[in-house]
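Trainee: Chains V and E, in that order, are what the protein sequence lines are.
258 is the number that the UniProt record's numbering gives the last residue of the first sequence; the numbers go up by one with no jumps.
293 is the number that the UniProt record's numbering gives the last residue of the second sequence; the numbers go up by one with no jumps.
I'd like to ask some things about the structure below.
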Amino acid sequence: MTKFSSTPAVVAAISPLLEVTAIEVFYESSILAVADVSLRVGPGEIVALLGANGAGKSTTLKAISGLVLADRAVVSRGDIRLRGESVAGIAANLLAARGIVHVLEGRHVFGHLTVEENLRAGTFLRRPGRREMERGIEEIYGYFPRLRTKRSTPAGLTSGGEQQMLAIGRALLTRPELVLLDEPSMGLAPIIVEEIFEIITALNRSNGTAFLIAEQNVAVSLRHAHRGYVLDNGRVAIEANADELLARGNLADIYLGV
Amino acid sequence: MSLFLETLIGGLLAGTMYSLVAIGFVLIYKASGVFNFAQGSILLFSALLLVTLHEAGLPFVLSAALTMLVLIAGAVVIEHTVLRPLANRSPMTLFMATLGLSYVVEGTAQGLMGAQVHALDLGIEDVPIFFGDVLVSQFDLIAATTAGTLALVLALLFNRTRIGISLRAVADDTRAALSIGINLNRIWQIVWAVAGMVGLVAGVMWGARQGVQFSLSLVVLKALPVLIIGGFTSIGGAIVGGLIVGAAENLAETYIGPFIGGGITPWFPYVLAIAFLYVRPAGLFGERALERV
Ligand SMILES: Nc1ncnc2c1ncn2[C@@H]1O[C@H](COP(=O)(O)OP(=O)(O)OP(=O)(O)O)[C@@H](O)[C@H]1O
Ligand SMILES: [Mg+2]
């Protein structure tokens, strides 16, 4: 029936890697950013999280990664489970150790560190030996060859596409099971966006790394995802397999909040 | 000519003492964005603890080692009781907290170790040395070497070690650092401990020169113009800023002093700093956001 088999959705239903149940998130204990979001990501799945500006995509990702704490926001209701264990309220750096890494919206690279130092910083979590660290970094250069040519450049001076690749590469070096990607396409040329999504798919196939990707670029993200959720005003409006979502004519209506 | 050279060199060497104090501020400001007003009292506390232990009969090296242990423990306590609860608050709140902290540290120092002046003899004789016909103080020379070595060690720490890279990562982007598993609280503890050690070195050098006493915490006031000139975020800037302040105040004292009756050194660095503020608000090496548009 589909481009991808329906297996991932089934797997997700049986034993989800990540299960978010009816969360509600407030900023500054008064601004309601997420009202009621439930979602699942199965092991090895790519899931798209769609929605207009302000729909609550980033906040949902921050709730999952624990970075809500750094933004003085709280998950006031609901639960977040990783492999069945509740992880709500755990600090982001500890969740990274448990296999969730968050690539923030807007290319948060360490601007004064060189490209290679950024990548090294990604490896620290697993405390690898020198050899292992080099091997990990080489692997990332294999996926993103442009980063190799910029290895000694301060990350802040590289192009937008290179910064996005660097942020993703750095995150992968933490050896995650689940990568939360927030708008990887933002501000990038279509050809770079395509390149980045190709690499995500390749990584997903070869390592079985799961991805939850917040995007406004519906077409590209759904072409590469297995399933998708559409958020509207802090709630899940639609949940379906990617190809069904792509086929839906009225997606744009909901997406635009009409 | 030799008077000019002598004044300049003497000033530059003395300036490294200001750099020593300023480096402690830079470390903490870089890693946590806090202007740590307590740096002066920590400097005083550590120097006082060291001489007290030494006077009680412990060898110098052992006293220094014990003082460092106390500084590490202190950093952990400060991180737990001040920084962690106030994380993500405004810089003003944090500044006020360090202001309070400075009184706590000074009060503790006074309560435990008294308020009298202690002499600290490092065994360095302050005899002048002649280079050609230029006269240089041996003490200044050793102080400058110490400051230089310390800066070198810190540069290696920052650029070559995992802790150093993590620390710079936190300084650049705290959230991204958290997201890849860097333990922010641990980094803060390390930075405060390292800043404490730098304070100890500065306190020992200053204490050896003017005695270990409560006015030692006022060397902070010497660091402020250095920071304004060199920038709050660069160790290199702290060093160059110290050199500039040292040289400028010495030259001013010698060449302008006589016309206005001397006493220039306390305020001249501030005039210089204000002049710098006009031209370069971020300081010579102050961090500009590194961004390509
Ligand atoms: N740091 C913050 N403090 C207060 N309110 C916030 C903060 N971040 C987001 N919000 C609010 O929460 C709501 C959801 O924002 P969120 O960033 O999650 O949306 P989004 O779907 O990621 O949007 P975009 O596509 O523009 O990135 C918005 O109304 C926004 O104004
Ligand atoms: Mg967003």
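Ideal placement from N, C-alpha and C gives every residue a C-beta, glycine not left out.
Provide the residue span of the alpha helix (DSSP H) that contains R227 of chain V, from first to last.
Mentor: Taken as a continuous stretch (DSSP letters only), R227 of chain V belongs to no alpha helix (DSSP H), being part of the beta strand (DSSP E) at 227-232.
Trainee: Is G51 of chain V close to chain E? Criterion is C-beta to C-beta, closer than 8 Å.
Mentor: No, its Cβ sits nowhere closer than 8 Å to a Cβ of chain E.
Trainee: Any beta carbon of chain E sitting closer than 8 Å to that of G257 of chain V?
Mentor: Any reading at G257 of chain V needs caution, since the residue's pLDDT is 48, under 50, leaving its predicted position unreliable; the model's value is listed next. Output row for G257 of chain V: interface = no.
Trainee: Please name the residue in V:F144, V:N217, V:G234, V:L69 whose C-alpha comes closest to that of V37 of chain V.
Mentor: Closest by alpha carbon: V:G234.
Trainee: For F268 of chain E, which of E:L178, E:L99, E:G236, E:L224 has the nearest alpha-carbon?
Mentor: For the residues E:L178, E:L99, E:G236, E:L224, the minimum Cα distance to F268 of chain E belongs to E:L224.
Trainee: Assuming E134 of chain V is part of the alpha helix (DSSP H), what are its boundary residues?
Mentor: Looking at the DSSP string, the run of the alpha helix (DSSP H) that includes E134 of chain V is 130-143.
Trainee: So if DSSP puts P154 of chain V in a beta bridge, which residue, or which two residues, is it bridged to?
Mentor: Looking at the DSSP assignment, P154 of chain V forms a beta bridge with V:T114.
Trainee: Tell me the DSSP secondary structure of T233 of chain E in three-state form.
Mentor: It is coil, neither helix nor strand.
Trainee: Taking I165 of chain E as the query, report the chain V residues whose CB atoms sit under 8 Å from its CB, ordered along the chain.
Mentor: Simply L113, E117, R120, A121, F124.
Trainee: Less than 8 Å separating the beta-carbons of A88 of chain V and V75 of chain V?
Mentor: Yes; because the gap between Cβ atoms is below 8 Å, this pair is in contact.
Trainee: Quick check on F276 of chain E: does DSSP put it in helix, strand or coil?
Mentor: Reduced to three states, the DSSP call for F276 of chain E is helix.
Trainee: Entirely within the segment 13-81 of chain E and at least 4 residues each: give me those alpha helix (DSSP H) ranges in chain order.
Mentor: Within the segment 13-81 of chain E, the complete alpha helix (DSSP H) runs of at least 4 residues are 39-55, 60-78.
Trainee: Let me know if P176 of chain V comes out buried or exposed under the rule of 16 or more other beta-carbons within 10 Å of its beta-carbon.
Mentor: Buried.
Trainee: Would you report the Cα separation of I31 of chain V and E79 of chain E, rounded to the nearest angstrom?
Mentor: Those two C-alpha atoms are separated by around 30 Å.
Trainee: Please list, in chain order, the residues of the segment 13-46 of chain V that have any C-beta partner in chain E closer than 9 Å.
Mentor: Those would be none; no residue qualifies.
Trainee: Please report the Cβ distance between residue 263 of chain V and A167 of chain V, rounded to the nearest whole angstrom; I am assuming they are in contact, meaning their Cβ atoms lie under 8 Å.
Mentor: Examination of residue 263 of chain V is not possible in this model, given that chain V is present from 1 through 258 alone.
Trainee: Quickly, what does DSSP pair L178 of chain V with across the bridge? List them, please.
Mentor: DSSP output for L178 of chain V lists V:I100, V:A210 as bridge partner(s).
Trainee: With a Cβ-Cβ cutoff of 8 Å, do L13 of chain E and L141 of chain E count as a contact?
Mentor: Cβ atoms of L13 of chain E and L141 of chain E: closer than 8 Å.
Trainee: Evaluate L62 of chain E with the Cβ neighbour count: other Cβ atoms within 10 Å of its Cβ, from every protein chain shown; 16 or more gives buried, anything less gives exposed.
Mentor: Exposed is the call here.
Trainee: Does the beta-carbon of G257 of chain V have 16 or more other beta-carbons within 10 angstroms, so that it is buried, or is it exposed?
Mentor: Unreliable placement is indicated for G257 of chain V, whose pLDDT of 48 sits below 50; the coordinate value is still reported in the next sentence. Classification of G257 of chain V: exposed, given that the 10 Å Cβ count is below 16.
Trainee: Quick check: what's the CA-CA separation for I137 of chain V versus V220 of chain E?
Mentor: Answer to the nearest angstrom: the Cα atoms are 43 Å apart.
Trainee: Along chain E, in chain order, which residues have C-beta atoms closer than 8 Å to that of S152 of chain V?
Mentor: Neighbours of S152 of chain V on chain E: none; closest Cβ ~13 Å, over 8 Å.
Trainee: In whole angstroms, what separates the C-alpha of T21 of chain V from that of T52 of chain E?
Mentor: Approximately 60 Å between the Cα atoms of the pair.
Trainee: Among the candidates V:N217, V:G142, V:V25, V:I46, whose CA atom is the shortest distance from the CA of D79 of chain V?
Mentor: Nearest of V:N217, V:G142, V:V25, V:I46 to D79 of chain V, Cα basis: V:V25.
Trainee: Chain E beta carbons: is any one of them nearer than 8 Å to that of A171 of chain V?
Mentor: By this cut-off, A171 of chain V is an interface position.
Trainee: Run the CB neighbour count on D172 of chain E, radius 10 Å, all protein chains shown included, and call it buried at 16 or more, exposed below.
Mentor: It is buried - the Cβ of D172 of chain E has at least 16 other Cβ atoms within 10 Å.
Trainee: Flag S2 of chain E as yes if its beta-carbon sits less than 8 Å from any beta-carbon of chain V, otherwise no.
Mentor: For S2 of chain E, the answer is no, since every Cβ of chain V falls outside 8 Å of its Cβ.
Trainee: Touching or not, the segment 269-285 of chain E and the segment 231-242 of chain E, by the rule of three or more beta carbon pairs under 8 Å?
Mentor: Enough Cβ pairs lie closer than 8 Å, so yes.
Trainee: Looking only at C-alpha atoms, which of V:P145, V:G106, V:Y27 sits nearest to L188 of chain V?
Mentor: Residue V:G106 is the option with its Cα nearest to L188 of chain V.
Trainee: When you compare the CB of S5 of chain V with every CB in chain E, is at least one pair closer than 8 Å?
Mentor: Only weak support exists for where S5 of chain V lies, its pLDDT of 45 falling under 50; the coordinates are left without a value.
Trainee: Helix, strand or coil for H224 of chain V? Go by DSSP, reduced to three states.
Mentor: Looking at H224 of chain V - three-state DSSP - the assignment turns out to be helix.
Trainee: With H, G and I counted as helix, E and B as strand and the rest as coil, what does DSSP make of N204 of chain V?
Mentor: Looking at N204 of chain V - three-state DSSP - the assignment turns out to be helix.
Trainee: Under 8 Å: do the segment 73-92 of chain E and the segment 130-144 of chain E share three or more Cβ pairs, one atom per stretch?
Mentor: Output reads no: the segment 130-144 of chain E does not touch the segment 73-92 of chain E.
Trainee: Considering Cα atoms alone, identify which of V:G111, V:R135, V:E116 is closest to L157 of chain V.
Mentor: The residue with the shortest Cα to Cα distance from L157 of chain V is V:G111.
Trainee: May I ask you to verify whether the segment 159-172 of chain E touches the segment 83-91 of chain E, counting CB pairs closer than 8 Å and requiring at least 3?
Mentor: Too few Cβ pairs lie closer than 8 Å, so no.
Trainee: Whole angstroms are fine: how far does the CA of V220 of chain V sit from the CA of E194 of chain V?
Mentor: Taking the straight line from one Cα to the other gives about 7 Å.
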